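Scroll down for the structure; my scribbles are underneath it.
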Amino acid sequence: MANRRNFIKNSLGLAAGVLIAKNTGATESLLGLGQTAFKFEMEPLGYAFNALEGAIDAQTMQIHYERHYGAYVKNANDAIVEEKVQAKDAKSIFKSMDKYSAKLRNNAGGAFNHAMFWTLLRPAKADNKPNGPLLQAINKDFGGFDQFKEQFAKAATSQFGSGWAWLVVENGKLKVGGTPNQDNPLMKGVALQGKPILGLDVWEHAYYLKYQNKRPDYVGNFWSIVNWDQVQKYYDAK
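Mind the numbering: the sequence shown is residues 11 to 248 in the numbering used here, read in order.
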């Protein structure tokens with residue numbers, strides 16, 4: 011639980027490491043101290059596989075977490091060893107993404123994106139929406155919460171093939187967009203740049219068992235399970 015709390019606190023602050031490195035104390039690894047080679051570890055899901063039923067079914071969650079996420083973490087760490095990557099955290103890898111292989115790009119992105127995604131979900135709530143400074147920023151930058159949802163849903167449903175939809179902060183302003191495959195807005199050279207605070211996986215493995223080809227239905231049900239408290243923490247993080 012300590013590692014998860016540290017991840018939530020620091021992952022998008024980005025002055026510290028994004029994921030816990032092996033064989034170091036939590037404080038040292040998150041600060042990038044005392045470690046020679048960063049590696050990804052599987053972050054705990056934090057809730058049961060069936061906790062999101064109604065929006066995401068238990069079988070999808072289990073396969074998504076154990077098989078897809080697990081494979082990204084393993085393959086990312088294999089690529090780090092193979093390519094002799096010396097990095098203090100995931101951010102350092104993403105900033106130099108053009109130097110590395112497609113294997114590392116895809117799998118490091120997958121490991122990071124999913125670790126963040128799990129924290130952005132919680133059991134469904136009625137009238138689920140943000141409040142406070144985050145809602146104020148959404149109203150200011152999008153003209154209202156409903157308008158934001160429309161723009162985010164458009165980014166999610168129009169992302170061709172596999173990818174992600176994101177809400178990011180760039181230069182103090184909120185904006186939405188999409189990235190292909192396992193790219194994210196922290197990667198060098200990606201069209202959508204900024205600090206991600208909300209992401210939605212629109213790969214078919216994230217929804218196909220329940221929704222088949224009806225991605226808009228998956229996106230529509232996503233709003234009931236967004237952990238807006240966590241999004242607010244990512245928004246507040248420096």
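In this text, a Cβ means the ideal position worked out from N, Cα and C, and glycines have one as well.
All figures in this text were calculated on a predicted structure; none of them were measured in a lab.
Backbone CA spacing between residue i and residue j [nearest angstrom]
i    : j    : result
G120 : Y79  : 7 Å
Y75  : M197 : 23 Å
W213 : Q169 : 10 Å
K98  : G188 : 27 Å
F122 : A100 : 8 Å
V186 : A118 : 22 Å
P206 : A165 : 14 Å
D211 : A175 : 7 Å
Q146 : L184 : 11 Å
P195 : A201 : 8 Å
A47  : Q242 : 31 Å
M239 : N141 : First, the amino acid is wrong: residue 239 is Asp here, not Met. Distance between the alpha carbons of D239 and N141: 9 Å.
M71  : G230 : 18 Å
R115 : L208 : 20 Å
F152 : K105 : 29 Å
Y218 : A247 : 33 Å
D227 : F59  : 20 Å
G42  : S102 : Confidence in G42 is poor, its pLDDT being 38 and thus under 50, which makes the residue's placement unreliable; the coordinate value appears in the next sentence. So the alpha carbons of these two residues sit roughly 10 Å apart.
Q161 : K135 : 22 Å
N149 : F155 : 6 Å
Q157 : N138 : 15 Å
P133 : A61  : 6 Å
Host alpha helix (DSSP H) of residue i (start-end)
i    : result
E180 : E180 -> not in any alpha helix (DSSP H); beta strand (DSSP E) instead, spanning G173 to E180.
K113 : A112 to T129
D211 : It is not in any alpha helix (DSSP H) - D211 instead sits in the beta strand (DSSP E) that spans K205 to D211.
K105 : A100 to K105
Y221 : Y218 to Y221
Q161 : F155 to S168
K243 : W238 to D246
Counted within 10 angstroms of its Cβ, other Cβ atoms place residue i as buried (16 or more) or exposed
i    : result
R15  : With a pLDDT of 44 at R15, under the threshold of 50, the modelled position of this residue cannot be trusted, and the question is left open.
N223 : exposed
P215 : Per the sequence presented here, residue 215 reads as His, with Pro not at that position. Answer is exposed; the Cβ neighbour count stays below 16.
V91  : exposed
R225 : buried
D193 : buried
G64  : exposed
A125 : buried
Q96  : exposed
K49  : buried
A163 : buried
G181 : Just to set this straight, residue 181 is Asn in the shown sequence, not Gly. Answer is exposed; the Cβ neighbour count stays below 16.
G252 : Not covered by the structure: residue 252. The range shown for the chain is 11 to 248.
A68  : exposed
Span of the beta strand (DSSP E) around residue i
i    : result
V83  : That residue, V83, is in no beta strand (DSSP E); its alpha helix (DSSP H) goes G80 to E92.
P143 : Where P143 is concerned, there is no enclosing beta strand (DSSP E), although the alpha helix (DSSP H) it sits in stretches over G142 to F152.
I73  : It is not in any beta strand (DSSP E) - I73 instead sits in the alpha helix (DSSP H) that spans A68 to I73.
P226 : Looking at the DSSP string, P226 is not in any beta strand (DSSP E); the run it does join, the alpha helix (DSSP H), is R225 to F232.
L184 : K183 to P190
Rounded Cβ spacing between residue i and residue j (contact assumed at less than 8 Å)
i    : j    : result
G113 : A89  : According to the sequence shown, residue 113 is Lys rather than Gly. Contact flag correct, Cβ pair sits at about 5 Å.
G204 : V236 : Contact flag wrong, Cβ pair sits at about 18 Å.
Does the segment 47 to 62 come within contact of the segment 113 to 133, defined as at least 3 CB pairs closer than 8 Å?
yes
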